[in-house]
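To start, the structure under review is shown below, and the notes come after it.
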Amino acid sequence: MAGRAIVNGLHHGDDAAMVQFLKLVHVTCVVLSIGGLATRSALSFAGVKVPKSGWMGWAPHAVDSLLLAAAIGLMITTGQYPFVQTWLTVKVLAVTCYIILGSVLLDAGRSRASRLAAGLGALLLFGFIVSVAISRNPLGILG
Ligand code: HEM
Numbered sequence: 040m041a042g043r044a045i046v047n048g049l050h051h052g053d054d055a056a057m058v059q060f061l062k063l064v065h066v067t068c069v070v071l072s073i074g075g076l077a078t079r080s081a082l083s084f085a086g087v088k089v090p091k092s093g094w095m096g097w098a099p100h101a102v103d104s105l106l107l108a109a110a111i112g113l114m115i116t117t118g119q120y121p122f123v124q125t126w127l128t129v130k131v132l133a134v135t136c137y138i139i140l141g142s143v144l145l146d147a148g149r150s151r152a153s154r155l156a157a158g159l160g161a162l163l164l165f166g167f168i169v170s171v172a173i174s175r176n177p178l179g180i181l182g
């Protein structure tokens, strides 16, 4: 295709603006997602009941769905896929663990100690995921 070449698995040329746009959406949703999780867990630790209906109920799902949609768009436009690129495999597995830790953190039925431990784990894992994404190295900051 004219104006389009693949270098190191990345498309250059026609797709560059699309990749930039999808990255902006992806990273904006990442910031909204972690900010929302931090806010909800802080409210929950303070004993505030966060409503399950209304925008506080659906907004986190909307943000996370958009985050994932942009991730799928980035996979296609940059030609990098989980179980093909090791860094993306590590990222998907780490995101899965991060989601599980996040659900423990928000579960008011669990002990304060286990929720704090899950929150700390989620925070460390989040930092690791960002470092894997930026370096495109499966070891991220540990590498
Ligand atoms: C908590 C979840 C996530 C975080 C914190 C995160 C973070 C990031 C960041 C910071 C970038 C930009 C990297 C750069 O500047 O080059 C990025 C890019 C990307 N992310 Fe994510 N991401 C998450 C979830 C996902 C998921 C679930 C997938 C796919 C299954 C994914 C696929 C990608 C792809 C393909 C790129 C483009 C990498 C490139 O430019 O080569 N991300 N992510």
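Residue numbers (the working numbering): 40 to 182. Positions of the beta carbon are idealized from the N, C-alpha and C atoms, including for glycine. In this text the structure is predicted, and so the values were computed from the model without any measurement.
Asked: Under 7 Å from any heavy atom of the ligand COA, does the C-beta of H65 make it?; Found: Among the ligands present in this structure, namely the ligand HEM, the ligand COA is not found.
Asked: Please state the DSSP three-state secondary structure of Q124.; Found: coil
Asked: Would you check if the stretch 100-108 and the stretch 162-175 touch, i.e. whether three or more CB-CB distances between them fall below 8 Å?; Found: no
Asked: Can you name the start and end residues of the alpha helix (DSSP H) that V102 belongs to?; Found: 94-117
Asked: Rank L178, R151, A152 by C-alpha distance to the C-alpha of L164 and give the top, closest one.; Found: L178
Asked: Does the count of Cβ pairs from the stretch 134-152 and the stretch 78-95 closer than 8 Å reach three?; Found: yes
Asked: What distance in whole Å lies between the Cβ atoms of G75 and V102, which are believed to be in contact at a cut-off of 8 Å?; Found: 7 Å
Asked: When the Cα atoms are used, what is the spatial distance from R175 to W126?; Found: 6 Å
Asked: Mapping DSSP to helix, strand and coil, what is V66?; Found: helix
Asked: In angstroms, rounded to a whole number, what distance separates the CA positions of Q124 and G182?; Found: 16 Å
Asked: Could you tell me the alpha carbon to alpha carbon distance between V89 and P99, rounded to whole angstroms?; Found: 12 Å
Asked: I want to check one thing, is the minimum distance from the CB of K62 to the heavy atoms of the ligand HEM below 7 Å?; Found: yes
Asked: Could you check whether the Cβ of Q119 sits closer than 7 Å to any heavy atom belonging to the ligand HEM?; Found: yes
Asked: Alpha carbons only, please: which of L71, M114, R79 is nearest the one belonging to V58?; Found: M114
Asked: Can you list, in chain order, the residues of its chain with a C-beta nearer than 8 Å to that of V87? Leave out the 5 residues immediately preceding and following it.; Found: none
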